[in-house]
Amino acid sequence: MTNLAIAANGLRKSYGDKLVLDGIDLAVPAGTVFSLLGPNGAGKTTAVKILSTLLGADPGTGAIHVNGHDLAADPQAVRASIGVTGQFSAVDGLITGEENMLLMADLHHLSRREGRRVAGELLERFDLVEAAKKPAASYSGGMKRRLDIAMTLVGDPRVIFLDEPTTGLDPRSRHNMWQIIRELVTGGVTVFLTTQYLEEADQLADRIAVLNDGRIAAEGTAEELKRLIPGGHVRLRFTDPAAYRSAALALHEVTRDDEALALQVPSDGSQRELRAVLDRLEAAGIEADELTVHTPDLDDVFFALTGPSTTVTDQPKENVR
Ligand SMILES: Nc1ncnc2c1ncn2[C@@H]1O[C@H](COP(=O)(O)OP(=O)(O)O)[C@@H](O)[C@H]1O
Ligand SMILES: [Mg+2]
Numbered sequence: 001m002t003n004l005a006i007a008a009n010g011l012r013k014s015y016g017d018k019l020v021l022d023g024i025d026l027a028v029p030a031g032t033v034f035s036l037l038g039p040n041g042a043g044k045t046t047a048v049k050i051l052s053t054l055l056g057a058d059p060g061t062g063a064i065h066v067n068g069h070d071l072a073a074d075p076q077a078v079r080a081s082i083g084v085t086g087q088f089s090a091v092d093g094l095i096t097g098e099e100n101m102l103l104m105a106d107l108h109h110l111s112r113r114e115g116r117r118v119a120g121e122l123l124e125r126f127d128l129v130e131a132a133k134k135p136a137a138s139y140s141g142g143m144k145r146r147l148d149i150a151m152t153l154v155g156d157p158r159v160i161f162l163d164e165p166t167t168g169l170d171p172r173s174r175h176n177m178w179q180i181i182r183e184l185v186t187g188g189v190t191v192f193l194t195t196q197y198l199e200e201a202d203q204l205a206d207r208i209a210v211l212n213d214g215r216i217a218a219e220g221t222a223e224e225l226k227r228l229i230p231g232g233h234v235r236l237r238f239t240d241p242a243a244y245r246s247a248a249l250a251l252h253e254v255t256r257d258d259e260a261l262a263l264q265v266p267s268d269g270s271q272r273e274l275r276a277v278l279d280r281l282e283a284a285g286i287e288a289d290e291l292t293v294h295t296p297d298l299d300d301v302f303f304a305l306t307g308p309s310t311t312v313t314d315q316p317k318e319n320v321r
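End of the sequence shown sits at 321 in UniProt numbering; the numbers just go up one at a time, nothing left out.
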């Protein structure tokens, strides 16, 4: 059995008569990045709050385990083993970055000496040493997020919930944050990441779940999700009409474009399928002048799965890779 950092069965939550989570299942292996992807209002923050004990699930919810602790029976043990960086910052702007860190150390009952050591190490690790003595209100958005994560790490959590950690950040700060997240995982931490950015999930997540209409509309690796959407193909272009005709004969299931001397072969874009095409061309002694792989990207998946009606039949837009 895999070692699961988070396991939830039939997680349900309504606010009044508004159903937000309609029985979702989650299984996050330890040491991986899991991304809960969904549009605004999908229920991402609600899920984070429940899994991190800040909010109760509805009756009828199945068992939830975080770091092996039963969330209903032992919320205290769950709380002690996790870190949460909320969608809205926990940083107190009126005090300095260092004071924010020392406050966290106090909350975790570290001794003064140990608190200073941990705070100093984390400020250094997140490139905040120079800013440490300045009021946090003067920090840039990226610095505040870094301080927020540094504060989360004071308790040495095994699972970290990051709720939209890069929303509103400029591209450079976003890439910095991605690097920080990768380093956390290298250090053995499990990251539960919510995001509205498909590229972010694509970059970071081992597995992605798309939340829509209270349910997980699709779950898998980025590659698996992309394959759910039809339309991937390899396009081969030729300048020599004879080579074009031979290739059309050598390959199966091609769509011909006689005018452009181009052939389209359906393909999931995987290495295996690509190699099969190349092998057939090679065997026939033909060389294409141009080869492009067109794979649907996560945007296509997202738009196909979320929104008013859930249809996977929409034609994906083309993405030349
Ligand atoms: N405390 C609350 N009371 C009533 N409705 C809420 C409350 N919190 C969130 N909601 C509603 O629940 C839905 C999911 O919210 P949320 O979990 O914040 O979504 P997300 O984080 O994916 O944007 C939204 O429609 C939101 O308006
Ligand atoms: Mg949210």
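Quick reminder that beta carbons are idealized off the backbone N, C-alpha and C, glycines included.
Given that a residue counts as buried once 16 or more other Cβ atoms are within 10 Å of its Cβ, and exposed if not, what is residue i?
| i | result |
| --- | --- |
| S111 | exposed |
| F88 | exposed |
| L193 | buried |
| T311 | Caution applies to T311, whose pLDDT of 38 falls short of 50 and renders its modelled position unreliable; the model cannot decide the point. |
| L11 | buried |
| K133 | exposed |
| A5 | buried |
| K18 | exposed |
| V129 | exposed |
| N40 | exposed |
| L94 | exposed |
| G188 | exposed |
| L55 | exposed |
| T221 | exposed |
| P241 | exposed |
To the nearest angstrom, how far is it from the Cα of residue i to the Cα of residue j?
| i | j | result |
| --- | --- | --- |
| N9 | P165 | 26 angstroms |
| T306 | F34 | 19 angstroms |
| R280 | A304 | 33 angstroms |
| L263 | H294 | 13 angstroms |
| D74 | E223 | 37 angstroms |
| A201 | T195 | 7 angstroms |
| R117 | E98 | 11 angstroms |
| D92 | T61 | 35 angstroms |
| K13 | A42 | 12 angstroms |
| A119 | E273 | 51 angstroms |
| T152 | L26 | 23 angstroms |
| A247 | S267 | 16 angstroms |
| I64 | L122 | 31 angstroms |
| V265 | A288 | 13 angstroms |
What does a CB cutoff of less than 7 angstroms around residue i pick up in its chain, not counting 5 residues either side in sequence?
| i | result |
| --- | --- |
| H108 | V154 and G155 |
| T96 | A132, K133, K134, P135 and A136 |
| D214 | With the sequence shown as reference, residue 214 is identified as Gly, and Asp is not the correct amino acid for it. L19, V20, L21, D22 and G43. |
Spatial neighbours of residue i within its chain, please: C-beta separation below 6 angstroms, excluding the five flanking residues on both sides.
| i | result |
| --- | --- |
| A205 | V33 and S35 |
| E219 | A209 |
| F126 | R146 and A150 |
| I24 | L11 and I216 |
| N3 | A30 |
| P316 | Residue placement at P316 is flagged as unreliable, the pLDDT there being 41, under the threshold of 50; the coordinate-derived value follows with that caveat. The residues are I229, G231, P296 and D300. |
Does ligand 1 have even one heavy atom less than 6 angstroms from the beta-carbon of residue i?
| i | result |
| --- | --- |
| Y197 | no |
| G214 | no |
| V20 | yes |
| G41 | yes |
| Y15 | yes |
| G62 | no |
| G23 | no |
| G38 | yes |
Just tell me which of the options has its CA closest to the CA of residue i.
| i | options | result |
| --- | --- | --- |
| D22 | P29, P59 and P39 | P59 |
| K226 | I95, E199 and L55 | E199 |
| I229 | A30, E121, G269 and R117 | G269 |
| residue 323 | R207, A260, L184 and E183 | With the chain covering 1 to 321 only, the question about residue 323 has no answer from this structure. |
| Q203 | V189, P266, M177 and G187 | M177 |
| V301 | T186, Y197, R256 and F161 | Y197 |
| E114 | L51, L102 and D258 | L102 |
| I160 | T53, S138 and D289 | T53 |
| V185 | L169, L162 and D170 | L162 |
| L278 | D258, H252 and L298 | H252 |
| V28 | G68, Y15 and T45 | G68 |
Return yes when the C-beta of residue i is under 6 angstroms from any heavy atom of ligand 2, and no when it is not.
| i | result |
| --- | --- |
| K44 | yes |
| Q87 | yes |
Please work out which residues of its chain come closer than 8 angstroms, Cβ to Cβ, to residue i, disregarding the five sequence neighbours upstream and downstream, and give them in chain order.
| i | result |
| --- | --- |
| A250 | R280, L281, A283, A284 and I286 |
| S173 | S140, G141, G142, R145 and T166 |
| A260 | R237 |
| D170 | G141 and G142 |
Against chain D, does residue i count as a neighbour if the rule is that its beta carbon must be under 7 angstroms from one of theirs?
| i | result |
| --- | --- |
| G83 | Any reference to chain D falls outside this structure, which holds one protein chain only. |
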